[in-house]
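Take a look at the structure set out below.
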Ligand code: IMP
């Protein structure tokens with residue numbers, strides 16, 4: 693079975709390939725298919741955006757497709773930045789701009805009230821009317837300042853529950869083992885294992 697990964701982000705492709713490596717499933721990136729396409733995320737939920745991307749690529753390739761969408765949801769901000777995580781500080785915002793905006797919005801929020809969670813939704817689009825969602829959630833806290841240089845996005849300001857390091861202070865392998873994305877993609881892997889039987 694061929695399975696297309698609907699992203700242009702090579703890091704994501706590598707991470708997904710590491711988690712979902714199964715015999716009989718050939719994982720193909722958009723680059724492998726010479727597809728040069730940018731899909732705008734216009735929905736207001738992670739599920740909506742993941743479905744939108746997977747369906748679009750399925751329709752172009754006629755191949756089973758997976759896509760994912762992730763957000764950081766902060767309790768004290770009623771779930772902001774959530775589905776708008778990548779453009780929280782504006783359309784062309786950098787990761788640093790987004791972290792700074794979040795930290796400044798939380799400036800008067802105490803340590804106990806800085807709960808947040810990362811959520812990834814993966815959509816597997818197998819055929820028309822045949823799609824599935826898998827989710828991964830990691831709860832934690834937002835720090836007062838940026839710490840660590842590994843990773844990307846909000847990694848320097850997020851400490852997962854049960855740890856004292858931010859995602860950006862952890863070795864990459866550890867973050868990739870425990871992350872919201874890893875949890876969601878492991879569920880996809882388990883589904884594919886049972887689907888093949
Ligand atoms: P995407 O859906 O994977 O593109 O993620 C949307 C945005 O969420 C990214 O631009 C990042 O700002 C943030 N994000 C997603 N995954 C992570 C992560 O593992 N660590 C930190 N930030 C993340």
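In the numbering used here, the protein residues as written are 693 to 889.
Ideal Cβ placement from N, Cα and C applies to all residues, glycine included.
*Quick one: is residue 817 buried, meaning 16 or more other Cβ sit within 10 Å of its Cβ, or exposed?*
Buried.
*residue 813, enclosing beta strand (DSSP E) - first and last residue*: Unbroken beta strand (DSSP E) run through residue 813: 807 to 819.
*Answer yes or no: the CB of residue 858 versus the heavy atoms of ligand 1, is any distance below 7 Å?*
Residue side-chain check: residue 858 keeps its Cβ at 7 Å or more from all non-hydrogen atoms of ligand 1.
*asked:* What does the alpha-carbon distance come out to for the pair residue 775 and residue 717?
replied: A straight line joining the alpha-carbon of residue 775 with that of residue 717 spans about 30 Å.
*Quick one: using the 10 Å Cβ neighbour count with 16 as the cut-off for buried, is residue 862 buried or exposed?*
Residue 862 should be labelled buried.
*ligand 1: which residues have Cβ under 5 Å from any of its heavy atoms, chain order?*
In chain order, the qualifying residues are 761, 762, 777, 778, 845, 846, 847.
*Within 8 Å, strictly: CB atoms of residue 872 and residue 834*: No Cβ-Cβ contact shorter than 8 Å links residue 872 with residue 834.
*Using DSSP with H/G/I as helix, E/B as strand and the rest coil, what is residue 697?*
In the structure shown, the three-state DSSP call for residue 697 is strand.
*Evaluate contact between the stretch 782 to 789 and the stretch 727 to 742, counting only Cβ atoms and requiring at least three cross-stretch pairs below 8 Å.*
Contact annotation: the stretch 782 to 789 does not touch the stretch 727 to 742, with fewer than three C-beta pairs closer than 8 Å.
*What does a CB cutoff of less than 7 Å around residue 868 pick up in its chain, not counting 5 residues either side in sequence?*
These residues qualify, in order along the chain: 707, 874.
*Look at residue 764 and residue 825 and say whether their C-beta atoms are less than 8 Å apart.*
No, Cβ-Cβ distance for residue 764 and residue 825 is not below 8 Å.
*asked:* What does DSSP give as the partner residue(s) for residue 827 in the beta ladder?
replied: In the DSSP assignment, the residues bridged to residue 827 are 813.
_Closest to residue 709 by C-alpha separation, out of 883, 887, 878, would be which residue?_
It is 878 whose Cα lies nearest to the Cα of residue 709.
*Which of helix, strand or coil does DSSP assign to residue 932?*
Nothing can be reported for residue 932, as the shown portion of the chain is limited to 693 through 889.
*My understanding is that residue 714 touches residue 866, with C-beta atoms under 8 Å, so please give their C-beta distance in whole angstroms.*
Contact between residue 714 and residue 866 does not hold, since their C-beta atoms are separated by about 23 Å, which reaches or exceeds 8 Å.
*When we look at the beta-carbon of residue 729 and count the other beta-carbons within 10 Å, is it buried (16 or more) or exposed?*
The residue in question, residue 729, is exposed, as its Cβ has fewer than 16 Cβ neighbours within 10 Å.
*With a 10 Å radius around its C-beta and 16 neighbouring C-beta atoms as the bar for buried, classify residue 812 as buried or exposed.*
Under a 10 Å Cβ-count criterion, residue 812 is classified as buried, with 16 or more other Cβ atoms of the shown protein chains found around its own Cβ.
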